[in-house]
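Visitor: I have a structure I would like to understand better, so I am pasting it below and will then ask my questions one at a time.
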């Protein structure tokens, strides 16, 4: 176990990939979730059905299967993605499905009277979302979205299975060569923990700050 | 105009001789807002049925009646928060909704119409993330395109008018119910509406706080604001309204000057309702 600090250092090059996968996937998902959530709330049945099928398809298949499909599956039809691209894209598509549901819950938590009041003063839909519904929904959205982000940080480990040299991927490689599984994966655990604690702290801080701003101003 | 509408028109004229006169009607101008055969159907439920109502500039109409009788739904039709499923709605003589022909305003036309009609809700519906002043400023800037300075100045004036200049920088959560409702009135007034709609503005308030809201409304009315108010405050309705409309089961059963509708109602349903209210 004395090798743990050394392995922590040797795993550091994997951190950048873990972070790219996490924040890249989250970023794509956060943007993608906007039209999906909007479609889900649409008055048009077709759009609602499309949004529901997207969400259920993405959530109903294991993430690892999506990554394999993107990396190995697309290669078969001559669309060759790098393992990192496939990883970010796959996590992004999955994040879009989950985040759209988080957005939807946040939007639904805003009382209907707010929409009435905003319409009654003549605001159009875009401004209603920008100035009235959005700022209130975000308070409900941030805590579960932050929890999802922390989950994604850990789930990004599956990208190791398509060859991304992120923290878990490096750990696997070291283990195969050096047979120090206990020390290596303890070190990996320390690295993930060190990454997720600041995220969780930031999320808590953002959550209380937003709530305070809304309620107590 | 339909037969029932003509009948209401006659009653309006009668109202004019008794209580407060409606200047617009006296000059023979078209009503500011007019509904003909207006109906709202939710699935199998007829919430509003065949409602004909004219409101002239400067007139104050109080809508009373049992809960679930369609009063609020009807009021929401007047500023298009609820689109009717039957009948027509005219503003200033111009048809803006013809539900039978499937014609509804959309986009800018819709938002433009809404901003001309102020609405005050039972549950205030202030924007909780904004200060009182910003509640009043928001639509002035984004709908009327006033500059922020202009809007803030006007906002302060209007807050002063409802007696809440000192609360300008407070969030709604830090204001009493009565204060919140007065801010909501200020928010609507800031857009210089031609008509104010009040949906049970005091029902969510304890009586003491309701008084301050009624005082603000009384002042508005005496300044000549055209007003339609759905209310259970019979004394207030009797005092400020030129006309009282009794609605039950989605229909207008009776309409006329307060002293007639409240003291000598023609309709059995109105009598029962008033008895129940007065015995409380």
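Chains as they are written, first to last, in the working numbering: chain A, 0 to 216; chain B, 50 to 329. Every residue, glycine too, gets a C-beta built ideally from N, C-alpha and C.
Is there a C-beta anywhere in chain A that falls below 8 Å from the one on residue 92(B)?
Guide: no
Visitor: Just to confirm, are residue 190(B) and residue 164(B) a CB contact at a threshold of 8 Å?
Guide: Going by C-beta atoms, residue 190(B) is not nearer than 8 Å to residue 164(B).
Visitor: Using the beta-carbon of each residue, which ones in chain A are nearer than 7 Å to residue 192(B)?
Guide: Contact note: residue 192(B) reaches chain A through 120, 121 and 122, using a C-beta cutoff of 7 Å and chain order.
Visitor: What's the C-alpha gap between residue 20(B) and residue 118(B)?
Guide: Residue 20(B) cannot be examined here, being either before or after the span of chain B that is shown, 50 to 329.
Visitor: Quick one: grab the DSSP three-state call for residue 93(B).
Guide: coil
Visitor: Confirm the yes/no value for this check: CB of residue 84(A), any heavy atom of the ligand FAD, distance under 7 Å.
Guide: For the structure depicted, the ligand FAD is absent and the ligand set is empty, with no information on it obtainable.
Visitor: So residue 301(B) and residue 100(B) are in contact, right, with Cβ under 8 Å, and what is the actual spacing, rounded?
Guide: 6 Å
Visitor: Would the segment 123-133 of chain A and the segment 79-88 of chain A be scored as touching if the rule is three or more Cβ pairs under 8 Å?
Guide: In the pairwise beta carbon analysis, the segment 123-133 of chain A is classified as not touching the segment 79-88 of chain A: fewer than three pairs are separated by under 8 Å.
Visitor: Tell me the start and end of each unbroken alpha helix (DSSP H) in the segment 129-185 of chain B that is at least 4 residues and wholly inside, in chain order.
Guide: Correct list: 156-164.
Visitor: Determine which residues of the segment 233-253 of chain B have a Cβ less than 9 Å from any Cβ of chain A, and write them out in chain order.
Guide: 233, 236, 237, 239, 240 and 246
Visitor: Use the C-beta contact count for residue 65(A): other C-beta atoms within 10 angstroms, 16 or more gives buried, fewer gives exposed.
Guide: buried
Visitor: Rounded to whole angstroms, what's the CA-CA distance from residue 126(B) to residue 135(B)? Just pull it up for me.
Guide: Each residue's Cα considered, the two are about 11 Å apart.
Visitor: List, in chain order, every chain A residue whose beta-carbon is nearer than 7 Å to that of residue 330(B).
Guide: A question about residue 330(B) goes unanswered here, because the residues of chain B that appear run from 50 up to 329.
Visitor: Taking only beta carbons into account, state which residues of the segment 273-285 of chain B come closer than 9 Å to chain A, listed in chain order.
Guide: Answer set for the segment 273-285 of chain B: empty.
Visitor: Report the rounded CA-to-CA distance for residue 53(A) versus residue 107(A), giving the unit in angstroms.
Guide: 20 Å
Visitor: Between residue 67(A) and residue 30(A), what straight-line distance do the alpha-carbon atoms span, to the nearest angstrom?
Guide: 23 Å
Visitor: Is it true that the CB of residue 147(A) sits closer than 8 Å to the CB of residue 97(A)?
Guide: yes
Visitor: Can you pull out the residues from the segment 105-118 of chain A whose beta carbon lies closer than 7 Å to at least one beta carbon of chain B?
Guide: Taking 7 Å as the upper bound on Cβ-Cβ separation, chain B lies near residues 112, 113, 115, 116 and 118 of the segment 105-118 of chain A.
Visitor: Note down, in chain order, all residues in the segment 130-143 of chain A with a beta-carbon under 7 Å from any beta-carbon belonging to chain B.
Guide: 130, 131, 134 and 135
Visitor: May I have the straight-line CA-CA distance separating residue 222(B) from residue 131(B), to the nearest angstrom?
Guide: One C-alpha to the other measures close to 28 Å.
Visitor: Please confirm whether residue 251(B) and residue 282(B) have their CB atoms less than 8 Å apart.
Guide: yes
Visitor: Which of the three DSSP states is assigned to residue 292(B) in this structure?
Guide: strand
Visitor: Got a sec: is the Cβ-Cβ distance from residue 40(A) to anything in chain B below 8 Å?
Guide: Contacts with chain B at 8 Å (Cβ-Cβ) do not include residue 40(A).
Visitor: Use the C-beta contact count for residue 261(B): other C-beta atoms within 10 angstroms, 16 or more gives buried, fewer gives exposed.
Guide: buried
Visitor: Given that residue 161(B) touches chain A, what residues does it touch there, using C-beta distances under 9 Å?
Guide: 121, listed in chain order.
Visitor: Does chain B have any CB closer than 8 Å to the CB of residue 79(A)?
Guide: no
Visitor: What residues from chain B crowd round residue 126(A), counting only those whose CB sits closer than 7 Å?
Guide: Within chain B, the residues whose beta carbon sits less than 7 Å from that of residue 126(A) are 191, listed in sequence order.
Visitor: At a Cβ threshold of 8 Å, is residue 266(B) touching chain A?
Guide: no
Visitor: Let me make sure I understand the geometry here. Which of 266(B), 78(B) and 215(B) has the alpha-carbon closest to that of residue 103(B)?
Guide: 78(B)
Visitor: What residues are listed by DSSP as bridge partners for residue 122(A)?
Guide: Residue 122(A) pairs with nothing; no bridge assigned.
Visitor: One question on the structure: do residue 85(B) and residue 137(B) come within less than 8 Å of each other, judged by their Cβ atoms?
Guide: yes
Visitor: Considering only the beta carbon of each residue, do residue 228(B) and residue 238(B) sit closer than 8 Å?
Guide: no
Visitor: So, helix, strand or coil for residue 274(B), using DSSP?
Guide: coil
Visitor: Would you verify that the beta carbon of residue 130(B) is, or is not, closer than 8 Å to some beta carbon of chain A?
Guide: yes
Visitor: Using CA coordinates, which residue listed in 157(A), 101(A), 183(A) and 28(A) is at the minimum distance from residue 137(A)?
Guide: Of the candidates 157(A), 101(A), 183(A) and 28(A), the one whose C-alpha sits nearest the C-alpha of residue 137(A) is 101(A).
Visitor: Let me know if residue 249(B) comes out buried or exposed under the rule of 16 or more other beta-carbons within 10 Å of its beta-carbon.
Guide: buried
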